[in-house]
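A.B. asks:
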Amino acid sequence: MARTLVKTAASVADLARRPPSGLVVLCYHRVGGRTPVSVDLPTPLFADQIAELAATTTVLELDTAVERHLAGEDLSGHACVTFDDGTADIVEEALPVLERHRVPATVFVATRHVDEGVDFPGGGRVVSWAALADAAATGLLTVEAHTHGHLLCDRADPGVLADDLDRCRDAIAGALGRAPRHLAYPKALAPSPDNLAVVRARFRSAWVAGTRAVRPGDDPHLLARSPVQTADGLVWFRRKLAGGLGLEDRIRGAVDRRRHAGATT
Ligand SMILES: [Zn+2]
Numbered sequence: 002m003a004r005t006l007v008k009t010a011a012s013v014a015d016l017a018r019r020p021p022s023g024l025v026v027l028c029y030h031r032v033g034g035r036t037p038v039s040v041d042l043p044t045p046l047f048a049d050q051i052a053e054l055a056a057t058t059t060v061l062e063l064d065t066a067v068e069r070h071l072a073g074e075d076l077s078g079h080a081c082v083t084f085d086d087g088t089a090d091i092v093e094e095a096l097p098v099l100e101r102h103r104v105p106a107t108v109f110v111a112t113r114h115v116d117e118g119v120d121f122p123g124g125g126r127v128v129s130w131a132a133l134a135d136a137a138a139t140g141l142l143t144v145e146a147h148t149h150g151h152l153l154c155d156r157a158d159p160g161v162l163a164d165d166l167d168r169c170r171d172a173i174a175g176a177l178g179r180a181p182r183h184l185a186y187p188k189a190l191a192p193s194p195d196n197l198a199v200v201r202a203r204f205r206s207a208w209v210a211g212t213r214a215v216r217p218g219d220d221p222h223l224l225a226r227s228p229v230q231t232a233d234g235l236v237w238f239r240r241k242l243a244g245g246l247g248l249e250d251r252i253r254g255a256v257d258r259r260r261h262a263g264a265t266t
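Numbering (our numbering) for the sequence shown: 2 to 266.
#1: Between Asp85 and ligand 1, is the CB less than 8 Å from at least one heavy atom?
#2: Provide the residue span of the alpha helix (DSSP H) that contains Phe47, from first to last.
#3: For ligand 1, any of its heavy atoms closer than 8 Å to the Cβ of Pro187?
#4: Could you say which of Leu133, Thr44, Glu62, Ala55 lies nearest to Thr88 if we only look at CA atoms?
#5: CB of His261 to nearest heavy atom of ligand 1: below 8 Å?
#6: Can you give me the Cβ contacts of Ala163 inside the same chain, cut-off strictly under 6 Å, excluding the 5 residues immediately before and after it?
#7: Rounded to whole angstroms, what's the CA-CA distance from Ser206 to Arg253? Just pull it up for me.
#8: Give me the residue from Asp167, Leu152, Ala176, Gly118 with the minimum Cα distance to Thr143.
#9: Measure the C-alpha to C-alpha separation of Trp237 and Lys188 and round it to an integer number of angstroms.
#10: State yes or no: is the C-beta of Ala225 within less than 9 Å of the C-beta of Arg239?
#11: Straight-line CA distance for Arg156 to Thr265?
#12: Counting C-beta neighbours from all protein chains within 10 Å, is the total for Pro192 16 or more, i.e. buried, or is it exposed?
#13: Touching or not, the segment 72-79 and the segment 98-116, by the rule of three or more beta carbon pairs under 8 Å?
#14: Less than 8 Å between the CB of Ala210 and some heavy atom of ligand 1, yes or no?
#15: Going by beta-carbon coordinates alone, are Ala80 and Val26 separated by less than 9 Å?
#16: Is it the case that the CB of His70 approaches a heavy atom of ligand 1 more closely than 8 Å?
#17: Does DSSP put His183 in a helix, a strand or coil?
#18: Give a yes or no on whether the C-beta atoms belonging to Thr281 and Leu242 are separated by under 9 Å.
#19: Does the Cβ of Leu235 have 16 or more other Cβ atoms within 10 Å, making it buried, or fewer, making it exposed?
#20: With H, G and I counted as helix, E and B as strand and the rest as coil, what does DSSP make of Cys81?
#21: Measuring alpha carbon to alpha carbon, tell me which residue in Leu152, Gly78, Val67 is nearest Thr107.
#22: Distance check for Phe47 and Asp233, CA to CA, integer angstroms please.
#23: What's the call for Arg170, buried or exposed, on a 16-neighbour Cβ count within 10 Å?
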């Protein structure tokens, strides 16, 4: 209920000030609806969203979108699909839907979980390197970095983060034969200034939250994604696809800052 109120308020704010168009990068977490978390979408809803996306938008592979953004292009009418963490359902539930619609996607993987077979909080069963390799071989799923230990980049020590990011890169390159070029900050938290420099030295782009479109000139290491929740259904999903509901993110950010206080991963 509170979630719906926030979405309604955010859509009213969009009416007062129309959100700017640009590249919309969707941030999913889980598909299959097996766990109680708000970001675990039932597969039929995910399938409806991807069908809508494929019918209305040009979906780009993330690496292509970043290079075109860096070249100064306005990517209005384009979108990217991304997943965070690296759970088995991305390969088992989401990939068949993506294949049906020939929609490319990126999964940002916290590599320590995969290396050590450690599940994610809230019942998220971790994917294996073998399953990721099979998924990558379809040509539709690209594996990128989400740190090794799911480190929160607003508070991690810069030396610790540098070592962690190098381990993440080496793990992906070692398992899949291709080094990651892009990073999603864990919990979408923007990095401290020192950590931003650590990230700039290693990745072409890095992604925070924001629920808004990427505009020409946006800092490539502080790019915004739009998180998708089950409660978005199709109606609010369409608003997010139009670059809207930014107020939802600003409210969520304020709540999360209190919730994550004191955590490190
Ligand atoms: Zn994460």
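Virtual Cβ for every residue (Gly too), placed ideally from N, Cα, C.
C.D. replies: A quick look at the data gives this:
#1: yes
#2: 44-57
#3: yes
#4: Among Leu133, Thr44, Glu62, Ala55, the Cα nearest to that of Thr88 is on Leu133.
#5: no
#6: Val199
#7: 23 Å
#8: Ala176
#9: 21 Å
#10: no
#11: 7 Å
#12: buried
#13: Touching, no, given that fewer than three Cβ pairs across the two stretches are closer than 8 Å.
#14: no
#15: yes
#16: Outside the cutoff, so no.
#17: strand
#18: This structure cannot speak to residue 281, because the chain is shown only from 2 to 266.
#19: exposed
#20: strand
#21: For Thr107, the closest C-alpha among the options Leu152, Gly78, Val67 is that of Val67.
#22: 11 Å
#23: buried
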